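Working notes for the structure below.
2 protein chains.
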Amino acid sequence: MSDTNTLRETIATLKYDAAGLIPAVIVDKDTKAVLMVAYMNESSLLATVETGKTHFWSRSRQKYWMKGESSGHVQEVHAIYTDCDVDTVVIEVTPHGAACHDGYYSCFYRRLNTSTGQWETQGVPLFDPKDVYKKSQ
Amino acid sequence: MSDTNTLRETIATLKYDAAGLIPAVIVDKDTKAVLMVAYMNESSLLATVETGKTHFWSRSRQKYWMKGESSGHVQEVHAIYTDCDVDTVVIEVTPHGAACHDGYYSCFYRRLNTSTGQWETQGVPLFDPKDVYKKSQ
Numbered sequence: 000m001s002d003t004n005t006l007r008e009t010i011a012t013l014k015y016d017a018a019g020l021i022p023a024v025i026v027d028k029d030t031k032a033v034l035m036v037a038y039m040n041e042s043s044l045l046a047t048v049e050t051g052k053t054h055f056w057s058r059s060r061q062k063y064w065m066k067g068e069s070s071g072h073v074q075e076v077h078a079i080y081t082d083c084d085v086d087t088v089v090i091e092v093t094p095h096g097a098a099c100h101d102g103y104y105s106c107f108y109r110r111l112n113t114s115t116g117q118w119e120t121q122g123v124p125l126f127d128p129k130d131v132y133k134k135s136q
Numbered sequence: 000m001s002d003t004n005t006l007r008e009t010i011a012t013l014k015y016d017a018a019g020l021i022p023a024v025i026v027d028k029d030t031k032a033v034l035m036v037a038y039m040n041e042s043s044l045l046a047t048v049e050t051g052k053t054h055f056w057s058r059s060r061q062k063y064w065m066k067g068e069s070s071g072h073v074q075e076v077h078a079i080y081t082d083c084d085v086d087t088v089v090i091e092v093t094p095h096g097a098a099c100h101d102g103y104y105s106c107f108y109r110r111l112n113t114s115t116g117q118w119e120t121q122g123v124p125l126f127d128p129k130d131v132y133k134k135s136q
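Protein sequence lines, in the order shown, are assigned to chains A and B. Under numbering that gives the first Met the number 0, the letters of the first sequence match residues 0 to 136, in that order. Under numbering that gives the first Met the number 0, the letters of the second sequence match residues 0 to 136, in that order.
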């Protein structure tokens, strides 16, 4: 059992931006790959700690979302870190399925080719988004 | 030699925030550890690609800075990735010295103890900041 008041205070003392958000870098616990970067507010970070599954605040849709709520591809939380400036969190997870709504294991599936100056796709999708996000399309 | 016009266009088409900034997650190429998260604008990202060393925009000091300009702890760039929303970059580097101005290898040196609800420091500093940042203190 965590001390909920202490936890709330710890979360409240992070540095959020003007919109009350903090970037969360989601990392695969085993491969250490950066899977995605999304935004949390105090409530979604608290929900992440308390449920052990990543919860975010969508800036485009202005609503809470749990990773995997549509796709089933939830992320189990193993560890949460913050930095020297307490304005970012890194969260180590065990991903269940792909992180990216485009179907890739990681959202960072494009690498800059410095010779051509263009992005190049790395790897192949694990699923077809049309099959997974049927309801929302 | 990169095609500079194409590169400039590629960099210009990323999604920057209202202040013209994009978060950059800096990762150790070998250990895959997240070393730091800082912000870049178009010019500092272009400088990062062209010099092969990480350059940022400081929000607190409102100026450009190259990682290592004071400490000598530069970061050699190996690869640059962007995500599905093109609003974040991940940069793999070889770090020369510590990433953190507090002296730690990574800025993310505090881990949340979910039992106590408090941050706990992991590891030990690689240097004493007072010795490295003499000029600015």
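Backbone N, C-alpha and C fix where the C-beta goes; we use that ideal spot for every residue, glycine too. Remember, it's a predicted structure, so these values are computed and weren't measured experimentally.
Item: Look at the alpha carbon of Met0/A and the alpha carbon of Val76/A, and state the distance between them as a whole number of angstroms.; Value: Low confidence applies to Met0/A: its pLDDT is 47, below 50, so where it sits in the model is not reliable enough to give any reading.
Item: Give a yes or no on whether the C-beta atoms belonging to Asp82/B and Phe126/A are separated by under 7 Å.; Value: no
Item: What's the C-alpha gap between Asn112/A and Thr115/B?; Value: 46 Å
Item: Look up Leu111/A in the DSSP assignment and give the residues it is bridged to.; Value: Trp118/A
Item: So the beta strand (DSSP E) Ser57/B belongs to, where does it begin and stop?; Value: His54 to Ser57
Item: Within the same chain, show all residues whose beta-carbon is closer than 7 Å to that of Val131/B, passing over the 5 residues directly before and after it, in chain order.; Value: Ser70
Item: Is Arg110/B close to chain A, meaning its C-beta is less than 7 Å from at least one C-beta of that chain?; Value: yes
Item: Looking only at C-alpha atoms, which of Ile79/B, Gln117/B, Thr12/B and His72/B sits nearest to Val48/B?; Value: Ile79/B
Item: With distances taken Cα to Cα, identify the nearest neighbour of Ala23/A among Ser42/B, Met35/B and Glu41/B.; Value: Met35/B
Item: Tell me Asp27/B's beta-bridge partners as DSSP assigns them.; Value: Val92/B
Item: Checking contacts by CB at 7 Å: is Phe107/A closer than that to chain B?; Value: yes
Item: Assuming Lys129/A is part of the alpha helix (DSSP H), what are its boundary residues?; Value: Pro128 to Val131
Item: The alpha helix (DSSP H) spanning Thr9/B covers which residue range?; Value: Thr3 to Ala11
Item: Starting from Ala37/A, follow its DSSP beta bridges and name the residues at the other end.; Value: Ala23/A
Item: Go ahead and label Asn40/A buried or exposed: buried means 16 or more other beta carbons lie within 10 angstroms of its beta carbon, across all protein chains shown.; Value: buried
Item: Measuring CA to CA, which of Val89/B, Val33/B, Val123/B and Ala46/B is closest to Tyr103/B?; Value: Val123/B
Item: Would you call Gln74/B buried or exposed, if buried means 16 or more other Cβ atoms sit within 10 Å of its Cβ?; Value: buried
Item: Which residue comes first and which comes last in the beta strand (DSSP E) that contains Tyr63/B?; Value: Lys62 to Met65
Item: Taking C-alpha atoms, which residue in Ala18/B, Cys99/B and Glu119/B lies nearest to Tyr38/B?; Value: Ala18/B
Item: Contact between the stretch 7-18 of chain A and the stretch 82-94 of chain A: three or more CB pairs below 8 Å?; Value: yes
Item: Excluding the 5 residues flanking Arg109/B on each side, which residues of the same chain have their C-beta closer than 8 Å to its C-beta?; Value: Trp118, Glu119, Thr120 and Gln121
Item: Between Thr81/A and chain D, is any beta-carbon pair separated by less than 7 Å?; Value: Structure shown: chain D not included; protein chains present are A and B.
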